[in-house]
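Asks:
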Amino acid sequence: MDKEREALPPISEPIPANCPVDKGQTICDSLTCYTQRHANEIETLLNIQQVITSHLDLSDVLQMIVNEARRLTTAKLSFLYVLEEDHLCLAAVSGSDRSEQLIGYCVPVNQSLAGRSIRTNQPIMLSDVQEDDARIYAEAIKPFGNIGCYLTVPLIYENRSIGVIAVADQCNGVLGGDSLRVLSMLAPSAVIGIENARLYQEQQERRLEAESRHQMSESLRVMLAIVNSNRSLTEILEFIVNQVSGRLFDSQATAIFAYQPKEKSLEVQAAHGLPSDLVEARMLPGYESAYLSIHTSQPVIVSDARSGGAADEANFEGLPSEWAMMAQMIVDYQAWLAVPLVVKGETYGSILMYYREPHLFTNEEIGLAKIFSDQVALAIENARLRIQAEQAAVIGERNRLARELHDAVSQTLFSANLIAEVIPRLWEKDQDQARQRLQELHQLTRGALAEMRTLLFELRPAVFKEAKLADLLKHLVQAISVRSEIPILLQANGEEILPAEVQTALYRITQEALNNVIKHANPSQASVTLTVRSGSATLIVSDDGCGFDLAEVSPDHFGLSIMKERAASIDATLDLKSKPGLGTQIIVNWQEPPFKE
């Protein structure tokens, strides 16, 4: 008997001995019996093919194939290997009580009998494994126990082998020509089922990848909107760690660490999913990884904290009770990824993503984490710049107020103090002149009061939301008029309160325009006219000063650029009219934009 067959049996196979043939039957009756049985086999295989190809889960399809292979051949054991480079990896088993443990077991292609079937694209059958143990790779059949006979058929897709389907039995000679025939007939259906499931799985993976990329794109869009908002750095970082754990990655916790160079320590700036008491105590796993990522400027991976790469009790510098908490954290979070945060070429800190189970990080995940860390660094830098801008604005406003106090209130009060000192002596000599000085003193103190009220208004931005613009301009005009000793007429029409940003812009334009009048126009008088209607406002600042030729004066002079920028900020128009000797007029028109759905 041949122990090995490397070709399918011929179709004109002799009539099986177990086919019932009565003495009176003809050879045609026997052929009819065999044909009927063969037709039943084909019908069964077609039904199996329909069932296999109708399922799209790859693991389910593989298990169906080995189950049917064992049933059709009546073998005790069946298994399916898939080809992965130079190894065959066990993908499904039927008939073994150790199936789950065996999945993933690999054998080299160039040493195993299944590998020979792959290389030759031919089935191989051994009737007695023990008699032909020289060609058997012992490690390949060792996990399955004692095997007497063995049959393997290659799975061929588009002229290339993708794996093998095999059956085995403890008894010798159980697997014969019938087993080889039905297994060879099952193989094409198995290939179709496997490829269908693979294509579906790849399609699902691509769909999930596309959804993941869309989700990340949307999250980054939302995050950029938050980054460019006026929120504080703390609020932005809290939002970021929530985005990491909730939407961008599959991590269960996230922390952002800032490195303190002087103390050579890490400070948790934001955390999500971590116990607050351990965050405050700075007893989180991954500190060493964060330090390493900061000093190397490279991602640091701990795929399984239980198998090394995390803190151990022997090297832990702390109390036993603290180690107990740390050990529990390592149990709760068994893998993490640390990515450095680099802001303007300098390492700011590190962002850590924690996983509850051991996690094998892919290059795509690491690359995604790097991209995300760049966005976090951008958020930090923007927040820094915003804080610096706010501080510069505060300093600038303080300096301006200091100048205003010195140029206006301080000098006014100084003049008032001199007059107050002179009045008692004048009263004894010339009461009329003393009364005149008293009138001047009254004017100076009223002007100082107006100046102080104006400065106090500017220190309280809420005033521009609550007060009418006419009332604000009244104090401004009075203060400038007393300080400059130039009469300024204010005429205000309309009682509506405009939007805060509009009131602020019109107030600042009036302030800048009147300051320019006092400094450059040398007028005998000036006027401010405000007309407010529902949804619109017109501001006119005029003087009868020296005027100028618009064609000969740069737009940057006389604060024109500042006034134009303020007008543009509220979508208002600013027109300037002036002629030498005929004074100057500034007209600002604001119209509420139409409502857009």
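Mapped onto my numbering, the consecutive letters of the sequence shown carry residue numbers -15 to 581. Ideal Cβ positions, reconstructed from N, Cα and C, are used throughout, including at glycine. This one's a predicted model, so the numbers in the text were calculated from it and none came from an experiment.
1) Distance check for Gln236 and Leu523, CA to CA, integer angstroms please.
2) What do you get for Ile379, buried or exposed, if any count of 16 or more other CB atoms within 10 angstroms of its CB means buried?
3) Between Arg182 and Leu42, which are expected to be in contact by the criterion C-beta below 8 Å, what is the C-beta distance as a whole number of angstroms?
4) Among Gly543, Pro578, Asn506, which has the Cα closest to the Cα of Leu566?
5) Rounded to whole angstroms, what is the Cα-Cα separation between Leu135 and Val151?
6) Between the Cα of Leu498 and the Cα atoms of Pro245, Ser260, Leu474, which residue gives the shortest distance?
7) Among residues of its own chain, excluding the 5 on either side of Val516, which ones have a beta-carbon nearer than 6 Å to its beta-carbon?
8) How far does the beta strand (DSSP E) with Thr513 in it extend, from its first residue to its last?
9) So, does the stretch 186 to 205 touch the stretch 51 to 62, judging by three or more C-beta pairs under 8 Å?
10) Hey, quick one: how far does the alpha helix (DSSP H) through Lys561 stretch, first residue to last?
11) Considering only their Cβ atoms, is the gap separating Glu349 from Leu321 smaller than 9 Å?
12) Measure the CB-CB distance between Ala239 and Ala255 and report whether it falls below 9 Å.
13) Give a yes or no on whether the C-beta atoms belonging to Glu72 and Gly147 are separated by under 9 Å.
14) Please classify Asp527 as buried or exposed, where buried requires at least 16 neighbouring CB atoms within 10 angstroms.
15) Would you check if the distance between the CB atom of Gly79 and the CB atom of Ser111 is smaller than 9 Å?
16) Which partner residues does Gly147 have in the DSSP bridge list?
17) Using the C-alpha atoms, what's the distance from Gln244 back to Asp81?
18) For Ser277, count neighbouring Cβ atoms within 10 angstroms of its own Cβ and tell me buried if that reaches 16, exposed if not.
19) Going by C-alpha to C-alpha distance, which of Asn94, Cys90, Leu534, Ser173 sits closest to Pro564?
20) Skipping 5 residues on each side, what residues in its chain have a beta carbon closer than 7 Å to that of Thr429?
21) So His71 is in the beta strand (DSSP E); what residue range does that whole segment cover?
22) Measure from the alpha carbon of Val466 to the alpha carbon of each residue in Glu123, Glu424, Leu217, then state which is nearest.
23) What are the complete beta strand (DSSP E) segments, minimum 3 residues, inside the stretch 426 to 485?
24) My output table needs one value for Leu46: the three-state DSSP class, helix, strand or coil.
25) Just the C-alpha distance for Leu40 and Asn180, rounded to the nearest angstrom, thanks.
26) Measuring only the C-alpha atoms, how far is Gly519 from Glu576?
27) Can the beta-carbon of Trp574 be found closer than 9 Å to that of Val486?
28) Assign Thr494 to buried or exposed, taking buried as 16 or more other Cβ atoms, counted over all protein chains shown, within 10 Å of its Cβ.
29) Helix, strand or coil for Ile554 per DSSP?
30) What number of angstroms, rounded off, separates the C-alpha of Lys413 from the C-alpha of Phe398?
31) For Pro107, which of Leu402, Ile149, Glu69 has the nearest alpha-carbon?
32) So if DSSP puts Asn573 in a beta bridge, which residue, or which two residues, is it bridged to?
33) When you compare each of Glu123, Glu374, Gln154, Leu139 to Gly132 by their alpha carbons, which one comes out closest?
34) Over the uninterrupted beta strand (DSSP E) stretch that includes Val501, give me the two end residues.
35) Buried or exposed: which applies to Gln227, given that a residue is buried once 16 or more other Cβ atoms fall within 10 Å of its Cβ?
36) Per DSSP, Ala254 forms a beta bridge with which residues?
Replies: With the structure as the only source:
1) 58 Å
2) exposed
3) Between Leu42 and Arg182 the Cβ distance is about 6 Å, and since that is below 8 Å, they are a contact.
4) Asn506
5) Cα-Cα distance, rounded: 5 Å.
6) Closest by C-alpha distance to Leu498, out of Pro245, Ser260, Leu474, is Leu474.
7) Gly478, Glu480
8) Thr513 -> beta strand (DSSP E) spans 510 to 517.
9) no
10) Following the DSSP letters along the chain, one finds Lys561 in no alpha helix (DSSP H) but inside the beta strand (DSSP E) bounded by residues 557 to 562.
11) yes
12) yes
13) First, the residue type needs correcting, since residue 72 is Leu and not Glu in the sequence shown. A contact, by the Cβ cut-off of 9 Å.
14) buried
15) Not closer than 9 Å, so no.
16) Val66, Leu139
17) Answer to the nearest angstrom: the Cα atoms are 57 Å apart.
18) buried
19) Leu534
20) Ala400
21) 71 to 78
22) The alpha carbon of Val466 has as its nearest neighbour, out of Glu123, Glu424, Leu217, the alpha carbon of Glu424.
23) 472 to 477
24) helix
25) Straight-line Cα distance between these residues: approximately 7 Å.
26) 5 Å
27) yes
28) Thr494 should be labelled buried.
29) coil
30) 24 Å
31) Ile149
32) Thr522, Thr557
33) Taking each of Glu123, Glu374, Gln154, Leu139 in turn and checking the Cα distance to Gly132, the smallest one comes out for Gln154.
34) Where Val501 is concerned, there is no enclosing beta strand (DSSP E), given that its DSSP letter is neither H nor E.
35) buried
36) According to DSSP, which records beta bridges pairwise, Ala254 is partnered with Ile240.
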